[in-house]
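The structure appears right after this line, and notes come after that.
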Amino acid sequence: MKNLFYLNKYFAKYRKLLVIGTFFILISNVFALYPAEFVRHAFDYIQNVLENPTSDKKIHFYLLKFGGLIVLFAILKGIFMYFMRQTVIVMSRKIEFDLKNEIYKQYQNLSLSFYKKNNTGDLMNRITEDVNRVRMYLGPALMYAINMAFLFILVIGKMLSINTTLTLYVLIPLPILAIAVYHVSNKINKNSERVQNQLSVLTSISQETFSAINIVKIFRNEENSFKLFFDSCKKYTNRQLKLVSVEAWFFPLIILLIGTSTITTIYIGGLENFKGKITTGNIAEFIIYVNMLTWPVASVGWVTSLVQRAEASMERINEFLKIETEIKNTNPNNTLIKGNITFENVSFIYPDTGIKALKNISFSLKENETLGIFGKTGSGKSTIANLLCRMYDIDNGEIFYDNTKIGDLNLFDLRKNIGYVPQDGFLFSGTVNENISFGIDSKEEEEEEIKEAAKTAEITEEIESFPDKYNTIIGERGVQLSGGQRQRLSIARAIYINPPIYIFDDCLSAIDANKEKLILKNLSGKTKENTNIIISHRTSSLQNANQIIVLDEGEIIEKGTHNELINNNGFYAEMHKKQTTENL
Ligand SMILES: Nc1ncnc2c1ncn2[C@@H]1O[C@H](COP(=O)(O)OP(=O)(O)OP(=O)(O)O)[C@@H](O)[C@H]1O
Ligand SMILES: [Mg+2]
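When we follow our numbering, the leftmost residue of the sequence shown carries the number 241, and every step to the right adds one.
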C-alpha cells in the first residue's frame with residue numbers, strides 16, 4: 241500500500257467530502273438494517289395470530305404498517321446511497337482530475353532526454369489507464385470498503401445478539417466466497433488487461449494504415465495490411481472469449497455460496513427453533529442478513545484486487561513523479577538578454593545514445609550579428625540550436641549569453657528571448673491565428689501583429705486564400721498545408737514573439753529560392769536589431785551572415801564570411817559552386 245500513501249495529501253484536501261461521505265455510508269447501512277427486523281416482527285405476529293386465532297383482529301393494519309415501513313426505509317436507504325455516491329465518487333473524480341494535472345505538469349517539466357527514454361504509449365498510459373486504476377481505488381474500492389466495515393459491524397452484531405450458534409454456522413461459507421471472488425476477479429482483471437493490450441495493438445495497426453494510406457495504396461500493400469489487421473483482430477476476439485469464459489464464473493459462484501448460506505440458515509435455524517431458542521421470524525430475519533452480507537463479502541475479494549491494481553499503477557506514476565528534471569532553473573530573478581553569444585570549447589554527447597555530436601566548438605557572436613551554420617546532414621547543426629535553447633546541459637566547455645553562463649540565466653527568460661524555428665516545422669491542430677500567436681502567454685492575440693508576422697514570413701497570400709483566412713483550422717481535420725507553407729507558418733510563429741535572438745534551423749529548405757530571398761530580405765529589414773542564427777544546407781541563405789561556421793562530424797572545419805570561405809576553396813566553396821551551377 242505504500243505507493244498509494246502518496247494520495248493521502250489529496251484525501252486531506254478533500255477531507256470534507258470523505259467525512260460526509262463516510263457519514264452517509266453509515267446512515268444508509270442503518271436504514272438497510274431495520275427492514276429485517278420488521279420482517280421478523282411480521283412473521284412472529286402472523287404466527288401468533290395463527291396459534292391464537294382470536295387474539296387480534298387488526299392483522300391487515302399491522303401487516304400494512306410493516307410493509308409501509310420496509311418501503312419507507314428502502315427509500316431512505318436509497319436517498320442516502322445517492323448522497324454517498326455524490327460525495328465519495330465525486331471526491332474520487334476530483335482527485336483524478338488533480339492527479340492528471342499533476343502528472344501533466346511534471347511531464348512538461350521533464351527534459352528532452354526523458355522523452356527520448358520513454359515511448360509515447362507509456363507516457364499516455366500513465367495519464368489515462370494508470371490514473372483510472374488509481375481512481376477505482378479512490379472511489380469504488382474505498383466506498384465499498386467503508387460500507388463493508390459498517391455493515392459487518394452492524395449486521396454481525398445484530399446476528400450475534402439474536403443467536404450465536406446460528407451466526408457462526410451462517411458465516412462459515414462467507415470467507416470462502418471472499419477468497420473465490422478474489423481469485424476470479426484477479427483472473428478477470430488479468431484477462432481484461434490482455435484484451436486491452438491487444439486492442440491498442442489493433443488500434444495502432446489501423447491508425448498507422450489510415451495515416452499512411454497513400455503509401456499503402458502506391459506500394460499495393462492492401463492485402464498485407466489486411467492480413468495484419470485480420471490476425472490481430474483474431475487474437476483480440478480470442479482474448480475476449482477467454483475473458484467471457486472467466487466472467488461466466490462470477491455470478492454462479494456468488495449464487496452458489498448465497499444458496500449454501502441460506503440453506504444452512506434454514507436448517508440450523510430450524511433446529512434452534514425446535515429448541516425454542518429463536519422464533520420463525522428470526523429465521524426470516526437471518527436470511528435477509530445473509531443476503532445483505534453476500535455482496536459486501538464478495539466485494540472484499542473485488543476490492544482487494546482493485547487495490548492491488550491501483551498500487552501497481554501508483555508505483556508506476558510515482559516513478560515518474562519523483563524524477564527530477566535535469567534542466568533546472570537556478571535563477572528565479574528576471575534576466576535581460578541582449579544577444580551576445582559565446583561558445584567556448586563546447587563538446588556534447590547525447591546522454592541517451594552516447595553519440596558525440598559536438599567536439600570543441602568555439603565561436604562568438606555579437607548582438608545584432610548573424611551567424612550562419614553550414615554542414616552536411618548529421619554534422620551537429622541542430623545540436624547547436626538545442627544547446628542554445630538549453631534543451632540539454634553541457635558537460636564540457638561553456639556557453640555564455642552576454643558574459644553570463646547559460647546555466648545561470650533564468651531558464652524561462654532565456655527561452656522567451658529566443659525565436660526558434662524548428663527543422664520539422666511542427667504546427668498544432670488549431671487555427672492559423674492560434675498557431676502564430678502560440679508563443680505569447682496571454683491569449684490576447686493582436687490581430688495586426690499576427691498579420692505583420694505572416695507578412696514577414698511571406699505566407700499572407702496563402703492565408704488570405706484559405707476559406708476562413710486567419711481563422712482557418714489547420715491540421716488533421718482542417719486545411720492540409722504543404723511543407724513550405726508549414727515552414728513559413730512556423731517562421732511567423734517565431735517572428736510574432738519579437739525576440740532579440742532568432743534561430744532558424746534549416747527552415748527554408750522546402751521553400752523555393754525566390755521566396756527564400758524575399759523572406760531573408762524581410763527578416764533583415766525586420767530583424768535588424770536582432771541576433772540571428774541561420775542553419776542551412778544552402779549557401780544562398782548564408783551570404784549576408786557576419787560569420788559562417790562549417791561543421792563536419794561535430795567539428796568546425798571552416799570559419800569566416802561567405803566571401804572568405806569562397807576564397808578558401810574548401811568544402812563550403814565546393815558546395816557553393818555545386819549549388820549555384822545547379823540553379824543555373
Ligand atoms: N535527440 C538526439 N538524441 C540523440 N542523438 C541525437 C539527437 N539528435 C541528434 N542526434 C545525433 O547527433 C548527431 C548530430 O545531429 P544533428 O541533428 O545536430 O545534425 P544536423 O547537422 O542538424 O543534421 P541535419 O542537417 O540532417 O538536420 C547525429 O549523429 C544524430 O544522430
Ligand atoms: Mg538538423
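Cβ atoms here follow ideal geometry from the backbone N, Cα and C, with glycine treated the same way.
Check	Outcome
Between the Cα of G516 and those of N358, S587, G612 and N403, spot the shortest distance and give me the residue it belongs to.	N403
Tell me the residue span of the alpha helix (DSSP H) that contains E448.	P413 to S451
Could you check the C-alpha separation between Y812 and D745 for me, to the nearest Å?	18 Å
How would you call R460, buried or exposed, if buried means at least 16 neighbouring beta carbons within 10 angstroms?	exposed
Using a Cβ-based criterion (distance less than 7 Å to any ligand heavy atom), does K356 qualify as near ligand 1?	yes
In three-state DSSP terms, what is N803?	helix
With a floor of 3 residues, list each beta strand (DSSP E) that falls wholly inside the stretch 646-672, ordered by position along the chain.	658-661
Determine the extent of the beta strand (DSSP E) in which D362 is found, giving its start and end residues.	Run containing D362: none in the beta strand (DSSP E); it sits in the alpha helix (DSSP H), T360 to N365.
Is the beta carbon of I699 sitting closer than 8 Å to the one on Q725?	yes
For G647, which residues in the same chain have their Cβ closer than 7 Å to its Cβ, ignoring the five residues on either side in sequence?	T570 and D633
Thinking just about the alpha-carbon of each residue, which of E448, G620 and I577 is nearest to the one in I595?	G620
Between A597 and ligand 1, is the CB less than 7 Å from at least one heavy atom?	yes
List the endpoints of the continuous beta strand (DSSP E) containing E566.	Note, E566: premise wrong, no beta strand (DSSP E); not H, not E.
What are the start and end residues of the beta strand (DSSP E) that includes K596?	K596 to L605
For K427, is the beta carbon positioned less than 7 Å from some heavy atom of ligand 2?	no
State the DSSP-derived secondary structure class of S619, mapped to helix, strand or coil.	coil
Am I right that Y186 and I523 are in contact with their C-beta atoms under 8 Å? What's the rounded C-beta distance?	Outside the shown range of the chain, which is 241 to 824, sits residue 186, and nothing can be said about it.
Using alpha carbons as the reference points, say which of K298, L576, I713 and E462 lies closest to T671.	I713
Specify the secondary structure class of F614 as computed by DSSP and reduced to three states.	strand
Whole alpha helix (DSSP H) runs in the stretch 265-324 with 4 or more residues, listed along the chain?	299-324
Just how far apart, CA to CA, sit Y742 and T368?	37 Å
Would the beta-carbon of T593 be found less than 7 Å away from any heavy atom of ligand 1?	yes
Check whether the stretch 445-459 touches the stretch 521-541, taking contact to mean three or more Cβ pairs, one atom from each stretch, closer than 8 Å.	no
Is the beta carbon of V441 sitting closer than 8 Å to the one on R479?	no
Report the CB separation of Y344 from T544 in whole angstroms; it is logged as a contact under 8 Å.	No, Y344 and T544 are not in contact; Cβ-Cβ is about 30 Å, not under 8 Å.
I'd like to confirm something about Q663: is its beta-carbon nearer than 7 Å to some heavy atom of ligand 2, or not?	yes
Can you check DSSP and say which residues form a bridge with F588?	L598
What's the gap between the Cα of L605 and the Cα of L651?	20 Å
Just how far apart, CA to CA, sit A554 and D370?	Correcting the residue identity first, residue 554 is Met in this sequence and not Ala. Each residue's alpha carbon lies about 7 Å from the other.
Can you have a look at T565 and say buried or exposed, based on whether 16 or more other CB atoms are within 10 angstroms of its CB?	exposed
Once the 5 residues before and after I506 are set aside, which same chain residues still bring their CB inside 8 Å of it?	I523 and I527
Suppose the cutoff is 6 Å on Cβ atoms and the five residues either side in sequence are ignored; what does the same chain contact list for I536 look like?	Reading off the sequence shown, one finds Pro at residue 536, where the question assumed Ile. Hits under 6 Å: M388 and L391.
For the beta strand (DSSP E) that contains S776, what are its first and last residues?	T771 to S776
I'd like to confirm something about K457: is its beta-carbon nearer than 7 Å to some heavy atom of ligand 2, or not?	no
Decide if S501 is buried, meaning its Cβ has at least 16 other Cβ atoms within 10 Å, or exposed.	buried
Would you list the residues sitting across from L791 in a DSSP beta bridge?	G615 and I796
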